[in-house]
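S.K.:
Number of protein chains: 2
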Amino acid sequence: MPAKPTSNAPDPIRRNEASRKAILTAAFDLVGEVGFGKLSIEAIAARAGVGKQTIYRWWPSKGAVLFDALLMLSEDQATGRPELPDTGSLEADLKTVLRATVRELNDPRYDEPMRALNTEIVHNQELAAAYTERLHEPMQRLKRDRLRKAQQAGQLDPNTDLDLAIEMIWGPLLNRWLQRTGPLTPEYTDSIVETALRGLMPR
Amino acid sequence: MPAKPTSNAPDPIRRNEASRKAILTAAFDLVGEVGFGKLSIEAIAARAGVGKQTIYRWWPSKGAVLFDALLMLSEDQATGRPELPDTGSLEADLKTVLRATVRELNDPRYDEPMRALNTEIVHNQELAAAYTERLHEPMQRLKRDRLRKAQQAGQLDPNTDLDLAIEMIWGPLLNRWLQRTGPLTPEYTDSIVETALRGLMPR
Chain A
1 MPAKPTSNAP DPIRRNEASR KAILTAAFDL VGEVGFGKLS IEAIAARAGV GKQTIYRWWP
61 SKGAVLFDAL LMLSEDQATG RPELPDTGSL EADLKTVLRA TVRELNDPRY DEPMRALNTE
121 IVHNQELAAA YTERLHEPMQ RLKRDRLRKA QQAGQLDPNT DLDLAIEMIW GPLLNRWLQR
181 TGPLTPEYTD SIVETALRGL MPR
Chain B
1001 MPAKPTSNAP DPIRRNEASR KAILTAAFDL VGEVGFGKLS IEAIAARAGV GKQTIYRWWP
1061 SKGAVLFDAL LMLSEDQATG RPELPDTGSL EADLKTVLRA TVRELNDPRY DEPMRALNTE
1121 IVHNQELAAA YTERLHEPMQ RLKRDRLRKA QQAGQLDPNT DLDLAIEMIW GPLLNRWLQR
1181 TGPLTPEYTD SIVETALRGL MPR
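Protein sequence lines correspond, in order, to chains A and B. If you count the first sequence from 1, position 64 lands on 64 in our numbering, and the numbers rise without skipping. If you count the second sequence from 1, position 63 lands on 1063 in our numbering, and the numbers rise without skipping.
1) Is M1168 (chain B) close to chain A, meaning its C-beta is less than 8 angstroms from at least one C-beta of that chain?
2) Mind listing the chain B neighbours of N106 (chain A)? Cutoff is C-beta to C-beta under 8 angstroms, in chain order.
3) Are A1217 (chain B) and I1044 (chain B) closer than 8 angstroms when you measure CB to CB?
4) According to a CB-to-CB cut-off of less than 9 angstroms, which residues of the region 1113-1127 of chain B neighbour chain A?
5) Within 10 Å of its beta-carbon, does D161 (chain A) have 16 or more other beta-carbons around it, so buried, or fewer, so exposed?
6) So, L142 (chain A) versus E83 (chain A), is the Cβ gap smaller than 8 angstroms?
7) Residues of the region 174-192 of chain A with a CB closer than 9 angstroms to any CB of chain B: list them in chain order, please.
8) Kindly list the residues whose CB is nearer than 6 angstroms to the CB of E1104 (chain B), restricted to its own chain and excluding five residues on each side of it in sequence; keep chain order.
9) In chain A, what lies closer than 9 angstroms to A1196 (chain B) by C-beta?
10) For L1184 (chain B), does the count of other Cβ atoms within 10 angstroms reach 16, so buried, or fall short, so exposed?
11) Among the candidates B:L1156, B:Q1125, B:V1097, B:K1021, whose CA atom is the shortest distance from the CA of P946 (chain B)?
12) On the premise that G1171 (chain B) lies in contact with G172 (chain A), defined as a C-beta separation below 8 angstroms, what is that separation, rounded to the nearest angstrom?
13) Using 8 angstroms for Cβ pairs, my map puts V34 (chain A) next to P113 (chain A). What's the rounded Cβ distance?
14) Does any residue of chain B have a CB that is nearer than 8 angstroms to the CB of L164 (chain A)?
15) For K62 (chain A), count neighbouring C-beta atoms within 10 Å of its own C-beta (all shown protein chains included) and say buried if the count is 16 or more, exposed if not.
16) Between the region 93-103 of chain A and the region 50-57 of chain A, can you find at least three pairs of beta-carbon atoms closer than 8 angstroms?
17) Closer than 8 angstroms between beta carbons: that is the criterion. Which residues of the region 22-49 of chain A meet it against chain B?
18) Would you tell me roughly how many angstroms separate the C-alpha atoms of G88 (chain A) and R146 (chain A), rounded to the nearest one?
19) Hey, A69 (chain A) and F28 (chain A) are a contact pair by Cβ (cut 8 angstroms); roughly how many whole angstroms apart?
20) Cα separation between K21 (chain A) and D11 (chain A)?
21) Any idea if Y131 (chain A) is buried or exposed, counting beta-carbon neighbours within 10 angstroms, 16 or more meaning buried?
22) Please state whether DSSP places P5 (chain A) in a helix, a strand or coil.
23) Roughly how many angstroms separate the alpha carbons of V1177 (chain B) and R15 (chain A), rounded to a whole number?
24) Going straight from the alpha carbon of R47 (chain A) to that of T195 (chain A), what length do you get?
25) Report the residue from B:D1086, B:E1120, B:A1165 whose alpha carbon sits nearest the alpha carbon of L1039 (chain B).
26) Can you list, in chain order, the residues of its chain whose CB lies under 6 angstroms from that of V102 (chain A), leaving out five sequence neighbours each side?
27) Figure out for me which residue from A:I166, A:L174, A:L164, A:A165 has the closest Cα to the Cα of E1167 (chain B).
28) Report the residue from B:E1126, B:A1092, B:D1163 whose alpha carbon sits nearest the alpha carbon of M1139 (chain B).
29) With DSSP as the reference, label R1180 (chain B) as helix, strand or coil.
30) In angstroms, rounded to a whole number, what distance separates the CA positions of F1067 (chain B) and E1042 (chain B)?
31) Determine the burial state of Q125 (chain A): buried for a count of at least 16 other Cβ atoms within 10 Å of its Cβ, exposed for fewer.
32) Quick one, which residues of the region 1080-1104 of chain B are near chain A if we go by CB-CB under 8 angstroms, in chain order?
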């Protein structure tokens, strides 16, 4: 029977976890510096201080690494189960959320990786499925839950389709960001929220 | 003094124009068949029946060829100066326009080239500038003109920023298309128009 590892023995699970975090952090930092097109597994390995084969053993492509890096980030930020704010005022809460999104999108450390992911999934079906399941759908559920509460509180038209409502609120912002067709400012997102909610309120 | 070409002599301008059209048509057809990633100058040349060097003499990259192909298409469709419909009812006109857009986006012959262009410009600054100047801005002007008329006719709030209004109307649709987050149907675009205009009407 093999001896149990003592507290002084190297712990392979903990060591793997440390390598994994180093790789994901390196991928996230590098894509912000050189862009997705020039990102390479070699460079990620060198920055993380691991061998290339370690990365290839865990991920099939640089897109997959980057995707897990973004996921790690959103998990780190969330304390427990993430939720959208609920102060009772849908308008105030949406303004808070969209202002926070704009702060992220204006930060080059986030802008480039998220831009890379958003364009890569257009051509990569496998990554698109993972994106939908692990990032997009969980966020959609949070948004739907918050809007449903507002609908029950009489702040949204009872006949409004919640997926359409989500697109009326977040679509203009994401489109302006991806197409770079204008500045992303708090005043801009406040106007989106006000205009969208006027269109979505009970008749 | 060189003799003027007679009607029977080969006309180099007309011959160049025929080659140009053959190349752009080949690029447009091929990208719909194989996608932008696998599109190659070699394949475009073979399909168009010209030498590779002919293409490289006129365009710096496959992205530039594809871009001109889309521009040729939109010029062919427009009889003279293009305009958005103006029947007097902004709601009816926008429904007509968005339904036509959805018919195009649901056609694989258009979907793939436009998707390729929309993602390529995210990483390619030169192509992005050409896109803005030659495709995006002319369309923005048409949209702004139509919305300004509606504003003058009292169908839109006089304080509404027209660029914001454009994004409230077209943003959700473009975002759903690029992210493939739902079906593009006439019922869907009608709902967008109704919801957006309710938010944008005079208070």
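Cβ atoms here follow ideal geometry from the backbone N, Cα and C, with glycine treated the same way. Please read these numbers as outputs of a predicted model, since none were measured by experiment.
M.R.: Well, looking at it:
1) yes
2) What N106 (chain A) touches in chain B: nothing, since even the nearest Cβ is about 16 angstroms away.
3) This structure cannot settle anything about residue 1217 (chain B), because the visible part of chain B is limited to 1001 through 1203.
4) R1115, A1116, N1118, T1119, E1120, I1121, V1122, H1123
5) exposed
6) Taking 8 angstroms as the Cβ cut-off, L142 (chain A) and E83 (chain A) qualify as a contacting pair.
7) L174, N175, R176, L178, Q179, R180, T181, G182, Y188, S191, I192
8) Y1110
9) M168, T195, A196, G199
10) buried
11) Nothing can be reported for residue 946 (chain B), as the shown portion of chain B is limited to 1001 through 1203.
12) A quick correction: the sequence has Pro, not Gly, at residue 172 (chain A). Contact flag correct, Cβ pair sits at about 4 angstroms.
13) In fact, because the Cβ distance is near 11 angstroms, the residues do not count as touching under 8 angstroms.
14) yes
15) buried
16) Not touching, per the Cβ criterion.
17) For the region 22-49 of chain A, which is checked against every Cβ of chain B, the residues closer than 8 angstroms are G35, F36, G37.
18) 10 angstroms
19) The beta-carbon separation of A69 (chain A) and F28 (chain A), rounded to 4 angstroms, stays under the 8 angstroms limit for a contact.
20) 16 angstroms
21) buried
22) With a pLDDT of 48 at P5 (chain A), under the threshold of 50, the modelled position of this residue cannot be trusted; read the value that follows with caution. Coil at P5 (chain A), not helix or strand.
23) For the sequence presented, residue 1177 (chain B) should be read as Trp rather than Val. Whole-angstrom Cα-Cα distance: 43 angstroms.
24) Cα to Cα, the separation comes out at about 46 angstroms.
25) When each option's Cα is compared against that of L1039 (chain B), the closest is B:E1120.
26) L184, T189
27) A:L174
28) Residue nearest to M1139 (chain B) within the set B:E1126, B:A1092, B:D1163 is B:D1163 (criterion: CA-CA distance).
29) Looking at R1180 (chain B) - three-state DSSP - the assignment turns out to be coil, as it is neither helix nor strand.
30) 17 angstroms
31) exposed
32) none
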